[in-house]
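Residue numbers (numbering that gives the first Met the number 0): 0 to 550. Idealized CB from N, CA, C, for every residue including glycine. All of these numbers come straight from a predicted model, not from anything done at the bench. Here's the structure, in structure tokens; my notes come after.
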Amino acid sequence: MTDSQKSDETAVVANQDAVEATSPNGTEAEAVAEQTPAVAADETPAATSAPAAEEAPAAEEAPAAVETTATEETSAEAAEVAPAEEEAPEAEVAPAAEETKPADSRPTPSPAAFAARPKAPAAVVPAAPAVSAASLAEAAKWGRAEGDGHVFLTLDGEEIAVGQYPGVSPDEALGYFARKFDDVIAQIVLLEHRVESKAPATDMQKTVTHLREQLAERNMVGDIRSAESRLDTLSEQIAELEKSEKAAHEAVRANELAAREAIVAEAEAIAGQDPAQIQWKTSSARMNELFETWKAAQKSGVRLGRSNEDALWKRFRSARTVFDRHRRAYFSQLDSNNSAAKVAKEALITEAEALSSSTDWGYAAGEYRRLMDQWKATPRASRKDDDALWGRFRAAQDVFFSNRQAANDQIDQEYTANLAVKEQLVAEAQALLPINDLNAAKKALQSIRDRWEDAGKVPRADMGRIEAGLRKVEDAVREAEEEKWRRSNPETKARTNSALSQLESAIAGLKEDLEKAEKAGDQRRIKAAREALEARQAWLDQIQRSASDLA
0 MTDSQKSDET AVVANQDAVE ATSPNGTEAE AVAEQTPAVA ADETPAATSA
50 PAAEEAPAAE EAPAAVETTA TEETSAEAAE VAPAEEEAPE AEVAPAAEET
100 KPADSRPTPS PAAFAARPKA PAAVVPAAPA VSAASLAEAA KWGRAEGDGH
150 VFLTLDGEEI AVGQYPGVSP DEALGYFARK FDDVIAQIVL LEHRVESKAP
200 ATDMQKTVTH LREQLAERNM VGDIRSAESR LDTLSEQIAE LEKSEKAAHE
250 AVRANELAAR EAIVAEAEAI AGQDPAQIQW KTSSARMNEL FETWKAAQKS
300 GVRLGRSNED ALWKRFRSAR TVFDRHRRAY FSQLDSNNSA AKVAKEALIT
350 EAEALSSSTD WGYAAGEYRR LMDQWKATPR ASRKDDDALW GRFRAAQDVF
400 FSNRQAANDQ IDQEYTANLA VKEQLVAEAQ ALLPINDLNA AKKALQSIRD
450 RWEDAGKVPR ADMGRIEAGL RKVEDAVREA EEEKWRRSNP ETKARTNSAL
500 SQLESAIAGL KEDLEKAEKA GDQRRIKAAR EALEARQAWL DQIQRSASDL
550 A
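This is the structure we're talking about:
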């Protein structure tokens, strides 16, 4: 079998596989193309390259077996599928996506393989989709198609063969390769919209690179340079978008870092407090809140970098460790203090309970005051223990004071008659006021006092009132005695007589001065002498009245 016959048979087999894989609604490749228009150009193996057409003349007889111009393609269907993968839904026939090696490296089937196959029906040429006049006119600016289906791209004044679409009109062949360019433009437009809306820039540069590679394959017809220029602009815009996203991310990261720093700083401040003064309940609750906040930030917050997070976590963990160590030490010491306080207060309770049955009211009351002072000086035990201990101590006191009150009540009943006697004595004493005759008042008061002592005790509730009534009369008598002594004091009388003598001598001299001034007619001396004489006379009158009182 000649090489030409092998090539013809290979084309027939490939075309038969394509026909068997075709569905009435279009090929699988068309369905994929409709859902994702951004299909890579190297996945569309419709048209053959110009060199491939020259090497395989049998392609004109079996146009379904075509090859692409992309020699780097890795997909198997690039070698032997018909050019309907990216066509509109009107296409009725398309090749199945078989994973084969490229045509130039595929081994030649053996004659036995052809004999085993059923005879293939006549090759079916897929119908090319309709192309609008506007699209053809635009495509005609950048390329042309020959009658045998070969299509050329005009780029920078030079024609480049992009592939072959045999068995269709030149317009249809040109439209097919123009649509491949339109697909790239559609992806560029989509990317421009994403950049304009400031969508996340992740993988945008990869998309630009992929589209550049598609344009560089030169297997489409269109304004390649314009598309490349748009990609250049997009690349710059994406770079700026990445910078802004990075700046925003850094700002968020800085805020998150500050928030974490605040958590750590507060935890360190709590751990650094004096264990003897810290409010453990409040501080423990706050430390737990900080830990939950840390976990929430670690779970859903912005990543700060391993070094930052490790450093902050070490500080936070160290603060929590110090706080827990101080808390355990504090409560351990507190338990020890509570135990010591409990022992001391139980000893006081033992003494109080022993005194509760005493009838030596004065001694026992003094001992209870001493025990109460010691109780106040003893540190508190735990609240539960301290309340129970205080209840026992207070119960022992209540027993004693209840017994004493009962005894006092009984005594008060016996002293009620004495109260009436003393009330009469108070009334008798108060009748001595005011004191006019000191000696008679003193004699009467002494009689009242003697009868007061004989009357006996009164109820405790009335004791203060009765004592105050008699004390008032006693104070009045004492003041009268002091006044009498002041008047009869010899020293006071001597000082008074000396003052009288001096004033009388001074008044006599002033009278002589006044007479001399009147004889001389000196008005100034007359006025001065009169004023001095009047002042000395007023002093003399005052001293004479005092002397009269003393007498």
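Evaluate contact between the region 254 to 274 and the region 225 to 236, counting only Cβ atoms and requiring at least three cross-stretch pairs below 8 Å.
-> no
So which of LEU354, LYS344, TYR362, GLY361 has the shortest CA-CA distance to ALA376?
-> LYS344
Can you tell me which of the three DSSP states GLN409 falls into?
-> helix
Taking the C-alpha atoms as reference points, what is the distance between GLN567 and SER283?
-> No answer is possible for residue 567: the residues shown for the chain start at 0 and end at 550.
Could you please give me the residues that DSSP links to ARG143 through a beta bridge?
-> Answer by DSSP bridge pairing, in chain order: PHE151.
Who pairs with GLY162 in a beta bridge, going by DSSP?
-> In the DSSP output, where bridge partners are listed per residue, GLY162 has VAL150.
Relative to the alpha-carbon of LYS197, which residue among ASP384, GLN236, GLY365, LYS298 has its alpha-carbon at the smallest distance?
-> Of the listed residues, the one whose Cα sits closest to LYS197 is GLN236.
Assuming VAL183 contacts GLN213 (C-beta within less than 8 Å), just tell me the rounded distance between them.
-> Their Cβ separation, rounded to whole angstroms, is 6 Å, which keeps VAL183 and GLN213 in contact under 8 Å.
C-alpha distance - LEU347 paired with ALA270, whole-angstrom precision = Approximately 39 Å, taken between the alpha carbons.
Are the beta-carbon atoms of GLU517 and ILE506 separated by less than 8 Å?
-> no
Residue closest to LYS441, alpha-carbon to alpha-carbon, out of LYS515, LEU154, ALA479 = ALA479
DSSP puts GLU565 in a beta bridge; with which residues?
-> This structure cannot speak to residue 565, because the chain is shown only from 0 to 550.
Option nearest GLN396 by Cα separation, candidates LEU437, GLU350, ALA387 | GLU350
Which residues does DSSP pair with GLU157 in a beta bridge?
-> LEU154
List the endpoints of the continuous alpha helix (DSSP H) containing GLU216.
-> Unbroken run through GLU216: none, as it is neither H nor E.
Give every residue of the same chain whose Cβ lies closer than 6 Å to the Cβ of ARG391, excluding the five residues on either side of it in the sequence, and list them in chain order.
-> ILE348
Going by other Cβ atoms of all chains shown within 10 Å of its Cβ, with 16 needed for buried, is GLN409 buried or exposed?
-> exposed
If I'm right that ALA169 touches ALA144 with Cβ under 8 Å, what's the distance once you round it to whole angstroms?
-> Looking at the sequence itself, residue 169 is Pro, so the reference to Ala does not match. Confirmed, Cβ separation roughly 4 Å.
For GLN501 and GLU482, the rounded distance between their alpha carbons | 26 Å
Assign GLN276 to one of two classes, buried (16 or more other C-beta atoms within 10 Å of its C-beta) or exposed (fewer than that).
-> exposed
Spatial distance of GLN332 from ASN402 (CA atoms) = 41 Å
Pull up the distance between the alpha-carbon of LYS245 and that of THR208, whole angstroms please.
-> 21 Å
Go ahead and label PRO165 buried or exposed: buried means 16 or more other beta carbons lie within 10 angstroms of its beta carbon, across all protein chains shown.
-> Classification for PRO165: buried.
Do you know offhand how far ALA519's Cα is from ILE542's?
-> 33 Å
Go ahead and pull the three-state DSSP assignment for THR206.
-> It is helical.
Say whether the region 409 to 427 touches the region 455 to 465, bearing in mind that this needs 3 or more beta-carbon pairs closer than 8 Å, one atom from each stretch.
-> yes
By the 10 Å Cβ neighbour count, where 16 or more other Cβ atoms means buried, how is PRO62 classified, buried or exposed?
-> With a pLDDT of only 34 at PRO62, under the threshold of 50, the placement of this residue in the model should not be trusted, and no figure is reported.
Assign ASN402 to one of three DSSP states: helix, strand, or coil.
-> Annotated three-state conformation of ASN402 is helix, per DSSP.
Measuring alpha carbon to alpha carbon, tell me which of HIS149, ALA426, ALA250, ALA439 ends up nearest LEU469.
-> ALA426
Beta carbon of VAL472 nearer than 8 Å to that of LEU431 | yes
In the structure shown, what three-state DSSP assignment does ASP222 receive?
-> coil
Kindly list the residues whose CB is nearer than 8 Å to the CB of LEU240, restricted to its own chain and excluding five residues on each side of it in sequence; keep chain order.
-> Once the five neighbours on either side are set aside, the close Cβ partners of LEU240 are VAL194, LYS197, ALA200, MET203.
Going by the beta-carbon positions, is the gap between MET286 and ARG319 smaller than 8 Å?
-> It is a contact, given that the beta carbons lie within the stated cut-off.
Mind checking GLU514: buried by the 16 CB within 10 Å criterion, or exposed?
-> exposed
Secondary structure, alpha helix (DSSP H): runs of 4+ residues fully inside the region 266 to 321 = 279 to 299
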